[in-house]
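Colleague: Going by the numbering used here, the first residue of the sequence shown is number 99, and it counts up by one from there.
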Amino acid sequence: MKYKGVIFSIILLLFTVIIISLLGKTENTTNVANGKMQGTITVWAWGGWAQHLEDIAPIFEERNPGININVNNQGVEQVYQRLTTGLASGQSSQLPDIVQMEEQRLPIYNNNFPNRFVDLTEFGFDQYADDLPEAKVAALSNEEGNLIGLPGDIGPVGLFYRKDVFEDANVDPQSIKTWDDYIDAGKTIKDETGIDMLGFMANDDISLYKILLQQQGSFYFNENGEITAESLESKKAFQLMSELFHSGIAANVTNWDGRIASLQNGQVATVPGAVWWSRSLMQQVTNSKGNWRVMKLPEFKEGNTNAAADGGSNFVIPNASDKQKTAYEFIKFATTDLESLTSLVENYFMFPAYTPLYEEEIFKEGNAYFGNQKVLQLFAEISEEVPNVNYTSDYLRANITYSDELASMMLQNKNPEEALQAVLKKLQSSTGRESSEED
99 MKYKGVIFSI
109 ILLLFTVIII
119 SLLGKTENTT
129 NVANGKMQGT
139 ITVWAWGGWA
149 QHLEDIAPIF
159 EERNPGININ
169 VNNQGVEQVY
179 QRLTTGLASG
189 QSSQLPDIVQ
199 MEEQRLPIYN
209 NNFPNRFVDL
219 TEFGFDQYAD
229 DLPEAKVAAL
239 SNEEGNLIGL
249 PGDIGPVGLF
259 YRKDVFEDAN
269 VDPQSIKTWD
279 DYIDAGKTIK
289 DETGIDMLGF
299 MANDDISLYK
309 ILLQQQGSFY
319 FNENGEITAE
329 SLESKKAFQL
339 MSELFHSGIA
349 ANVTNWDGRI
359 ASLQNGQVAT
369 VPGAVWWSRS
379 LMQQVTNSKG
389 NWRVMKLPEF
399 KEGNTNAAAD
409 GGSNFVIPNA
419 SDKQKTAYEF
429 IKFATTDLES
439 LTSLVENYFM
449 FPAYTPLYEE
459 EIFKEGNAYF
469 GNQKVLQLFA
479 EISEEVPNVN
489 YTSDYLRANI
499 TYSDELASMM
509 LQNKNPEEAL
519 QAVLKKLQSS
529 TGRESSEED
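(1) Identify, in the order they occur along the chain, each residue of the same chain with its Cβ nearer than 7 Å to the Cβ of residue 446, setting aside the five sequence neighbours on each side.
(2) Once the 5 residues before and after residue 320 are set aside, which same chain residues still bring their CB inside 7 Å of it?
(3) For the segment 249 to 262 and the segment 446 to 461, state whether three or more C-beta atom pairs, one from each stretch, are separated by less than 8 Å.
(4) Which residue or residues does DSSP assign as beta-bridge partners of residue 393?
(5) Out of curiosity, what's the CA-to-CA distance linking residue 216 and residue 136?
(6) Sort 390, 378, 424, 413 by Cα distance to residue 464 and report the nearest one.
(7) Could you compute how far the alpha carbon of residue 171 sits from the alpha carbon of residue 155?
(8) Report all residues from its chain with a CB closer than 8 Å to the CB of residue 394; omit the five preceding and five following residues, and keep chain order.
(9) So which of 213, 236, 214 has the shortest CA-CA distance to residue 224?
(10) Throw me the rounded Cβ distance for the residue 347 and residue 430 pair, which I believe falls under 8 Å.
(11) For residue 411, collect the residues of the same chain with a Cβ closer than 8 Å to its Cβ; drop the 5 residues on either side in sequence, then sort them by chain order.
(12) Closer than 8 Å is the cut-off here; do at least three beta carbon pairs connect the segment 495 to 502 with the segment 412 to 429?
(13) Can you tell me which of the three DSSP states residue 416 falls into?
(14) Please classify residue 169 as buried or exposed, where buried requires at least 16 other C-beta atoms within 10 Å of its C-beta.
(15) Is it a yes or a no for the segment 353 to 368 touching the segment 285 to 299, going by three-plus beta-carbon pairs under 8 Å?
(16) Could you tell me how far apart the beta carbons of residue 275 and residue 437 are, in whole angstroms, since I believe they sit closer than 8 Å?
(17) Is it buried or exposed, residue 382, if we count other Cβ atoms within 10 angstroms and call 16 or more buried?
(18) Taking the alpha carbon of residue 173 as the reference point, which residue from 142, 213, 189, 159 has its own alpha carbon closest?
(19) So, does the segment 513 to 522 touch the segment 328 to 343, judging by three or more C-beta pairs under 8 Å?
(20) Closest by CA to residue 182, which one among 323, 422, 374, 204?
(21) Please list, in chain order, all residues of the same chain as residue 123 whose beta carbon is under 6 Å from its beta carbon, the five residues on each side excluded.
(22) According to DSSP, is residue 227 part of a helix, a strand, or is it coil?
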């Protein structure tokens with residue numbers, strides 16, 4: 099994780115909120131759907147979604163003469179910095195008609211810039227709520243329960259593993275029901291083959307911690323916005339992170355490139371990760387094609403949940419846009435049209451949140467890289483079981499705080515409970531929130 103970009107985002111958000119309060123600028127928050135399609139709309143997006151929107155724009159334009167789609171493909175942090183500046187200025191000319199946004203960022207912007215994004219129930223998008231995973235609906239809804247984002251993708255998490263390595267060590271993947279089983283299997287694989295069970299970025303492996311929290315139905319904050327650092331779920335997740343690192347089954351990798359290199363070199367047997375890891379493996383770890391498989395995550399205790407998500411983005415329409423109807427229809431087309439979404443999966447191996455797609459043929463096909471396993475079908479099943487998360491407007495602060503204390507626990511041998519106490523004190527000070535465990 100790049101701290102500088104995240105820290106800059108926090109500072110910029112705080113600074114611009116102060117500006118707004120001093121200037122007293124307001125923006126029209128009752129701009130309703132007018133039913134008219136018109137002109138050119140501008141989209142700010144990044145990565146696979148930006149490329150996909152560029153791909154399908156001509157199709158939408160052909161079906162809707164007189165409409166032009168301008169996709170501005172840029173970096174993630176650039177999108178947020180420009181969006182923050184535009185919202186703070188109160189000048190509609192500085193804002194696009196559509197913005198891609200990670201779901202953990204949505205409550206931050208909605209809190210700091212309230213009522214600045216279109217309530218999509220005005221366009222009737224609430225009729226699609228039953229066609230989305232419950233966790234995605236929760237992430238797209240504001241405090242009033244209205245949808246303010248259109249669904250992009252979701253990142254259901256599974257356990258990628260090397261079938262050939264497991265066979266060489268005589269370990270049956272189906273015997274791994276719990277994380278204790280996973281550690282035991284890792285020790286056997288290490289003894290029999292010399293291969294580590296997983297790659298571990300001790301200085302920045304916050305994604306795995308979030309996965310371990312969410313699969314227990316918890317996160318940084320509970321449904322009331324209280325800090326969960328003292329909860330049993332947090333303690334279990336911190337303790338497991340420590341055990342994974344210190345049990346002798348983890349390869350210490352320093353960054354993303356090091357993690358990929360460890361997979362290319364056959365140094366690591368598993369990856370607990372989101373569906374987008376499929377694309378990374380297929381594109382960057384080509385020398386082990388056919389040897390990888392995927393299964394559900396181990397559980398903390400057999401019979402508990404093993405579903406979680408890592409990542410996922412959506413689209414919002416600023417109230418400042420004077421082409422809200424056109425913007426809505428284009429993104430609705432991009433995120434709910436089955437043909438469009440099929441091309442998104444085929445070309446960029448992204449995982450749409452629109453569940454009717456899961457019944458299409460592409461989700462029933464085997465994947466040659468994974469030994470013809472029906473990988474998408476498995477992740478579709480997982481996505482329906484992902485627990486809801488309350489990110490809150492303090493997500494970025496919590497993410498940095500937990501990440502710092504995890505690194506201290508790994509690299510400085512800090513006791514897990516001591517590290518969590520440090521998290522609690524820092525977050526209470528920086529956010530003013532209370533602990534979920536206080537009387």
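Idealized CB from N, CA, C, for every residue including glycine.
Modeller: Looking at the coordinates:
(1) The answer, listed in chain order, is 146, 149, 150.
(2) Excluding sequence neighbours, residue 320 sits near 326, 488, 534.
(3) As far as the Cβ criterion goes, the segment 249 to 262 touches the segment 446 to 461, which means the pair count is three or higher.
(4) Residue 393 pairs with 257.
(5) Using only the alpha carbons, I get a separation of about 17 Å.
(6) Relative to the Cα of residue 464, the nearest Cα in the group 390, 378, 424, 413 belongs to 390.
(7) Their Cα atoms are separated by approximately 13 Å.
(8) Only 256, 257, 404, 405, 476, 480 meet the Cβ criterion.
(9) Sorting 213, 236, 214 by C-alpha distance to the C-alpha of residue 224 places 236 at the top.
(10) A Cβ-Cβ separation of about 46 Å leaves residue 347 out of contact with residue 430 under the 8 Å criterion.
(11) Excluding residues within five positions, the ones whose Cβ falls inside 8 Å are 147, 198, 199, 200, 201, 250, 251.
(12) Not touching, per the Cβ criterion.
(13) Strand at residue 416.
(14) Its Cβ being crowded by 16 or more others within 10 Å, residue 169 is buried.
(15) They touch, by the three-pair rule.
(16) With 8 Å as the limit, residue 275 and residue 437 do not qualify as a contact, their Cβ atoms being about 40 Å apart.
(17) When all chains shown are included, residue 382 counts as exposed.
(18) The closest CA to that of residue 173, considering only 142, 213, 189, 159, is found on 142.
(19) Short answer: they touch.
(20) Comparing Cα positions, the closest option is 204.
(21) Unreliable positioning characterises residue 123 in this predicted model, as indicated by a pLDDT of 34, which lies under 50. The coordinate reading is nonetheless provided below. If we look at residue 123 and ignore the five residues flanking it on each side, its Cβ neighbours are 188.
(22) In this structure, residue 227 counts as helix in the three-state DSSP scheme.
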